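For the sequence shown, numbering that gives the first Met the number 0 gives the first residue as 0, with consecutive numbering after it. Think of the CB as a built atom: it goes at the ideal place given N, C-alpha and C, for glycine as much as any other residue. Quick caveat, the model's predicted, so the values are computed rather than measured.
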Amino acid sequence: MRFLYFICVFISISIYSQDIYLTGKVSDSIKNPLEYANVLAIPQIQNAEVKFAITNKNGFYELALDKHQTYKITVSYLGYKPQTITLTTTDQNITKNFILLENPDQLDEVTLNYTPPISVKKDTITYKVDAFTSGEERKLREVLKKLPGVEVDREGNVKVQGKKVTKVLVEDKTFFTGNSKLAVNNIPADAVDKVEVLDNYSEVAMLKGLEDSDDMAMNIKLREDKKKFVFGDVEAGGGIKKRYVIHPNLFYYSPKTNVNFIGDLNNIGIKSFTFRDYLEFEGGISKLLRDASGYFSLIKDDFAQYLNNQDFRENTNQFGALNIRQSMSNSTDISGYIIASNSKTQTETNTLNSYQNISTPFLEERMVTNSLDNFFTIGKITLEYNPSYEEDLTYNTFLKTTNSANNGLINTVSPNQDNRIQTISDIISFNLKQNISYSRKLSKDHTATLEASYNFQNDTPITEWLTNRQILQGLFPWKTTLCLIFCK
């Protein structure tokens with residue numbers, strides 16, 4: 000038993016110890032630490048993952064490398080001569096310090112044809128895509144998976160250095176609503192030149208650094224010959240029992256005009272618009288969490304309850320989304336989107352209850368059915384005016400209308416009685432939000448921001464209950480009396 004235990008422990012250690020760590024410090028000739036120095040480990044074998052690290056404020060770095068592999072380690076820092084060594088790993092961790100020397104060459108004019116694969120400037124990381132791809136990639140998601148420190152899950156959510164990307168830009172402009180899934184799963188790989196990762200992102204540039212932000216943005220830089228193009232795909236399928244799915248994704252991009260269309264028709268139970276998408280269109284989870292009451296009210300509303308429902312017998316979805324962005328001038332942009340969805344859902348639950356802990360045991364059959372018809376429209380128009388770095392004006396109008404109809408039936412059958420309760424509800428909701436924000440940098444140390452918002456909401460719920468038996472019978476002592484009511 001001891002021997003088997005030892006073998007199991009040894010196997011566990013070997014499984015979870017596939018990497019060794021290369022650590023060290025990067026400093027200059029007088030031993031001052033160099034912060035934000037790039038440490039790049041390029042494996043000598045093909046199709047192996049490139050490793051990348053950035054030094055902290057003390058000049059320290061850490062790289063997780065594969066055992067028994069040969070790497071080309073390059074350390075670079077702006078204004079200093081890069082240093083490159085060849086390193087072969089073993090099964091032990093390695094410590095290696097680097098001392099970079101200043102570049103003494105002083106030329107009147109220098110033409111550089113070399114672009115580093117990764118560059119770091121404060122809180123911005125820039126990846127040169129060609130250095131990590133083979134040219135066989137089809138979509139942006141396949142490119143991102145090959146970038147060091149970047150992770151992409153199956154749905155298209157992106158993390159960089161363990162931090163989630165909350166907004167996606169193309170050429171510094173918001174792509175659709177900024178949702179990473181739309182960009183990652185649709186932008187063609189051959190159109191991407193560089194990928195910039197912006198930490199502590201703020202939509203208003205002058206406010207960056209004045210407030211803490213957990214947002215991380217990813218900015219896609221396009222190739223020069225791809226500044227104006229059309230891309231997308233259309234998915235169509237059919238099957239037994241008249242099943243079908245039609246899903247077009249069409250995009251047009253130019254420096255001044257962006258047009259995006261997404262559609263989805265299916266009766267296979269796939270929801271085109273999820274609750275996570277709903278949160279993104281309401282401002283994102285990070286913004287909603289700042290207003291806890293608004294976040295919880297959003298979760299409890301009827302529309303959110305419908306989106307979270309995943310249990311159904313039959314489901315038909317019709318969905319369409321159109322987004323347009325137009326640059327009116329160098330300082331003025333206007334954008335807007337409209338989303339419409341119609342969904343019809345049939346649910347059914349059958350339950351058999353056995354009551355045994357009574358004098359006369361019996362069985363009760365219960366069937367609950369619901370027929371839901373949900374229609375909603377979401378629209379938003381945004382005007383952005385940025386005449387200079389010191390001034391920013393943003394105005395947006397958000398409109399949401401929903402019409403939810405539900406016909407539910409609860410039928411209970413037991414030896415003693417038969418109960419039938421039918422619920423008919425029709426909920427019409429209208430929500431209008433308007434917001435204007437103006438920011439101005441008054442001086443080097445003073446910045447002023449003025450915000451105003453208007454919110455109008457009108458809900459009209461109508462609910463009817465129909466039953467074959469009296470309700471609350473015997474709970475109130477009703478008496479027959481004669482009442483006279485005089486009205487004036």
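- A straight line joining the alpha-carbon of T94 with that of L168 spans about 39 Å.
- The shortest CA-to-CA distance from I98 to any of T165, E34, F51 is the one to E34.
- Using a Cβ distance threshold of 7 Å, D122 and N199 count as a contacting pair.
- Look at K30 here: in three-state DSSP terms it is coil, with no helix or strand label.
- Its chain contains Y20, L21, T22, A52 as the residues whose beta carbon lies nearer than 8 Å to that of E61, once the 5 sequence neighbours on both sides are disregarded; these appear in chain order.
- About 26 Å separates the beta carbons of N395 and N341, which is beyond the 8 Å limit, so they are not a contact pair.
- The DSSP-derived three-state label of V164 is coil.
- Inclusion of V119 and N37 in the CB contact set at 7 Å is warranted, their separation being smaller than that value.
- Between the stretch 68-82 and the stretch 169-185, the count of C-beta pairs closer than 8 Å stays below three; the two stretches do not touch.
- Taking C-beta atoms as the reference points, I427 and T466 fail to come closer than 7 Å.
- Assignment of beta-bridge partners to Q355 by DSSP yields no partner.
- Shown here, I93 sits in a strand according to DSSP, grouped into three states.
- Minimum Cα-Cα distance from N57 among the listed residues S26, S438, L221 corresponds to S26.
- Counted as a single uninterrupted DSSP element, the beta strand (DSSP E) harbouring E363 occupies residues 361-387.
- Here I29 is exposed, its C-beta having fewer than 16 other C-beta atoms within 10 Å.
- Collapsing the DSSP output to three states places S179 in a helix.
- When C-alpha distances from E363 are compared across E136, N415, T125, the shortest belongs to N415.
- Residue pairing by DSSP places L99 in no beta bridge whatsoever.
- Distance between K145 and F131, taken at the CA atoms: about 6 Å.
- The three-state reading of DSSP puts V151 in strand, counting E and B together.
- Of E101, D189, F175, the smallest CA-CA separation from L143 is found for D189.
- By the criterion of a C-beta distance shorter than 6 Å, D129 is surrounded by no residue of its chain, once the five residues flanking it on both sides are discounted.
- Using a C-beta cut-off of 8 Å, the stretch 214-230 makes contact with the stretch 175-187, since at least three inter-stretch Cβ pairs fall below that distance.
- Residue pairing by DSSP places V229 opposite Y251 in a beta bridge.
- The beta carbon of T400 sits closer than 6 Å to those of T376, F429, all from its chain and outside the five residues before and after it, given in chain order.
- Shown here, D444 sits in coil according to DSSP, grouped into three states, outside any helix or strand.
- Burial is judged here by how many other beta carbons sit within 10 angstroms of a residue's own beta carbon; D214 has at least 16 and is buried.
- Remark: three or more beta-carbon pairs, one from each stretch, lie closer than 8 Å, so the stretch 249-262 and the stretch 318-337 are flagged as touching.
- In the structure shown, the three-state DSSP call for E223 is helix.
- When DSSP states are grouped into helix, strand and coil, L321 belongs to the strand group.
- Short of 6 Å from the beta carbon of S424, and not among the five residues preceding or following it, lie these beta carbons of its own chain, in chain order: N405, T462.
- The criterion of a C-beta distance shorter than 7 Å is satisfied by N418 and T411.
- Out of P360, Q345, T346, the CA that lies nearest to the CA of N352 is found in P360.
- Ranked by Cα distance from Y437, the first of E390, G407, F397 is E390.
- With a 10 Å radius around the Cβ and a threshold of 16 neighbouring Cβ atoms, I357 comes out exposed.
- Taking C-beta separations shorter than 6 Å and ignoring five residues to either side along the sequence, the partners of Y453 in its chain run Q433, following chain order.
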